[in-house]
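Colleague: Going by my numbering, the sequence shown opens with residue 112, and the numbers climb by one from there.
The beta-carbon is built from N, C-alpha and C at its ideal position, and this holds for glycine as well.
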Amino acid sequence: MLQTLYDYFWWERLWLPVNLTWADLEDRDGRVYAKASDLYITLPLALLFLTVRYFFEIYVATPLAALLNVKEKARLRATPNPTLEVFYGSTRKRPKQSGLSARQVERWFRRRRNQDRPSLLKKFREASWRFTFYLIAFLAGLAVIVDKPWFYDLKEVWKGYPIQTTIPSQYWYYMIELSFYWSLLFSIASDVKRKDFKEQVIHHVATIILISFSWFANYIRAGTLIMALHDSSDYLLESAKMFNYAGWKSTCNNIFIVFAAVFIVTRLIILPFWIMHCTVVYPLEMYPAFFGYYFFNSMMCVLQGLHIFWAYLILRMAHKFITGKSREGRGVGGLEQTPPALDGTAAAQQ
112 MLQTLYDYFW
122 WERLWLPVNL
132 TWADLEDRDG
142 RVYAKASDLY
152 ITLPLALLFL
162 TVRYFFEIYV
172 ATPLAALLNV
182 KEKARLRATP
192 NPTLEVFYGS
202 TRKRPKQSGL
212 SARQVERWFR
222 RRRNQDRPSL
232 LKKFREASWR
242 FTFYLIAFLA
252 GLAVIVDKPW
262 FYDLKEVWKG
272 YPIQTTIPSQ
282 YWYYMIELSF
292 YWSLLFSIAS
302 DVKRKDFKEQ
312 VIHHVATIIL
322 ISFSWFANYI
332 RAGTLIMALH
342 DSSDYLLESA
352 KMFNYAGWKS
362 TCNNIFIVFA
372 AVFIVTRLII
382 LPFWIMHCTV
392 VYPLEMYPAF
402 FGYYFFNSMM
412 CVLQGLHIFW
422 AYLILRMAHK
432 FITGKSREGR
442 GVGGLEQTPP
452 ALDGTAAAQQ
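1. According to DSSP, is arginine 142 part of a helix, a strand, or is it coil?
2. Between the C-alpha atoms of threonine 277 and glutamate 288, what's the straight-line distance to the nearest angstrom?
3. Would you tell me roughly how many angstroms separate the C-alpha atoms of glutamate 310 and leucine 417, rounded to the nearest one?
4. Give every residue of the same chain whose Cβ lies closer than 6 Å to the Cβ of tyrosine 356, excluding the five residues on either side of it in the sequence, and list them in chain order.
5. How about the segment 267-276 and the segment 364-384: do they share at least three Cβ pairs that are nearer than 8 Å?
6. Nearest by alpha-carbon distance to phenylalanine 160: which of Trp283, Phe291, Gln114 is it?
7. For a minimum of 4 consecutive residues, which ranges assigned as the alpha helix (DSSP H) are wholly contained in the segment 287-356?
8. Considering only residues of the same chain and omitting the five flanking positions on each side of alanine 351, which have a CB-CB separation below 7 Å?
9. Indicate whether methionine 466 and threonine 153 have their beta-carbon atoms separated by less than 8 Å.
10. Is DSSP giving aspartate 498 helix, strand or coil here?
11. Figure out for me which residue from Ser301, Ser239, Asp135, Tyr119 has the closest Cα to the Cα of methionine 353.
12. Which stretch, first to last residue, makes up the alpha helix (DSSP H) that contains glutamine 275?
13. I'd like the span of the alpha helix (DSSP H) that includes valine 257, first residue to last.
14. Any idea if valine 255 is buried or exposed, counting beta-carbon neighbours within 10 angstroms, 16 or more meaning buried?
15. Which class does lysine 270 belong to by DSSP, given the choice of helix, strand or coil?
16. Would a C-beta distance cut-off of 8 Å place leucine 414 and alanine 317 closer than the cut-off?
17. Mind checking serine 148: buried by the 16 CB within 10 Å criterion, or exposed?
18. Taking DSSP as the reference, what is the three-state secondary structure of serine 361?
19. Using 10 angstroms around the beta-carbon of alanine 400, count the other beta-carbons present and answer buried if the total reaches 16, otherwise exposed.
20. Determine the burial state of serine 409: buried for a count of at least 16 other Cβ atoms within 10 Å of its Cβ, exposed for fewer.
21. According to DSSP, is asparagine 408 helix, strand or coil?
22. If you drop the 5 nearest sequence neighbours on each side, which residues of the same chain put their C-beta closer than 6 Å to that of arginine 142?
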């Protein structure tokens, strides 16, 4: 039964154009092709990312927070009360058997909720880690694609597809990006919980599926363009968050406006009208549509839907910054609801 499912999953007619088989993508004559087994390394690399992140937050992000004078407001702790604690973890309603007045219960719940809120230092450390990765990933992505012909002519993306060899820079770019998104998914339960938590999970899962599929189906040229495009704005968002947590409101707002402009141009203009046009139209000039073609572009549509959702939030917040209607102290909450990387990823991670 399992062997039958395995064979059906890897049936060439699902993932490759007509008249092509996996044998056509086997290494030969010094030419190396992408293989699904290459992706196994991403799980241990994801654990390595989590380890590196742990030490980065302690030895880099924390001193940087002190340098930028990131301060945490003193919080009054709620008096231990087993009865209220039970209700706090379940119904959140005022229990009659607590022996406290309505006002006292309200005060207790307010202090108890404040205890559960993540500190500014925790938020700053997470943002600085993502900023560092996205900036390095964006620069590395540019180095990988800027000298390739398909960076300037999108029809080159499909020239010779799928018999396209891979090079070491593409391999490591893919493995590192995929490993990072696995690490974000693994840490999502312990990271600062955002208002758009469900959308964030969908983004990470869709991004992992897209990167994995584009690798073993040899959509690598398109994949490198998409990843670099998503990374182009994410580091700006994370830097805006860092300055926001440090209390540099004016700097935060200015960077956020730049981020909003880059996000709109890359995610709502370049991605749908150039990149997605490239993945939807050009392949049909070479092969009849097949399942992998529909699957890849369906996942791209999922990410694009998230981009539209986040663009609405970004434009609404940018309007408040420009008109001066953004209330003091609301910046952190608003920025927590803006997109992760994409990135698609999702791209795109908070």
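Modeller: On the basis of the data shown:
1. strand
2. 16 Å
3. 7 Å
4. Within the same chain, tyrosine 356 has close Cβ partners Val181, Leu231, Lys234, Phe235.
5. Here the segment 267-276 does not lie against the segment 364-384, with fewer than 3 beta-carbon pairs under 8 Å apart.
6. Phe291
7. Listed in chain order, the complete alpha helix (DSSP H) runs (minimum 4 residues) inside the segment 287-356 are 308-327, 331-356.
8. Cys363, Ile366, Phe367, Phe370, Leu446
9. Nothing about residue 466 can be read from this structure; the chain reaches only from 112 to 461.
10. Outside the shown range of the chain (112 to 461) lies residue 498, about which nothing can therefore be said.
11. Ser239
12. Element bounds for glutamine 275: n/a, residue is neither H nor E.
13. Per DSSP, valine 257 belongs to no alpha helix (DSSP H) and is neither H nor E.
14. With a threshold of 16 other beta carbon atoms within 10 Å, valine 255 meets it and is buried.
15. Correct three-state label for lysine 270: coil.
16. yes
17. exposed
18. DSSP, reduced to helix, strand and coil, places serine 361 within a helical segment of the structure shown.
19. exposed
20. exposed
21. helix
22. Excluding residues within five positions, the ones whose Cβ falls inside 6 Å are Thr276.
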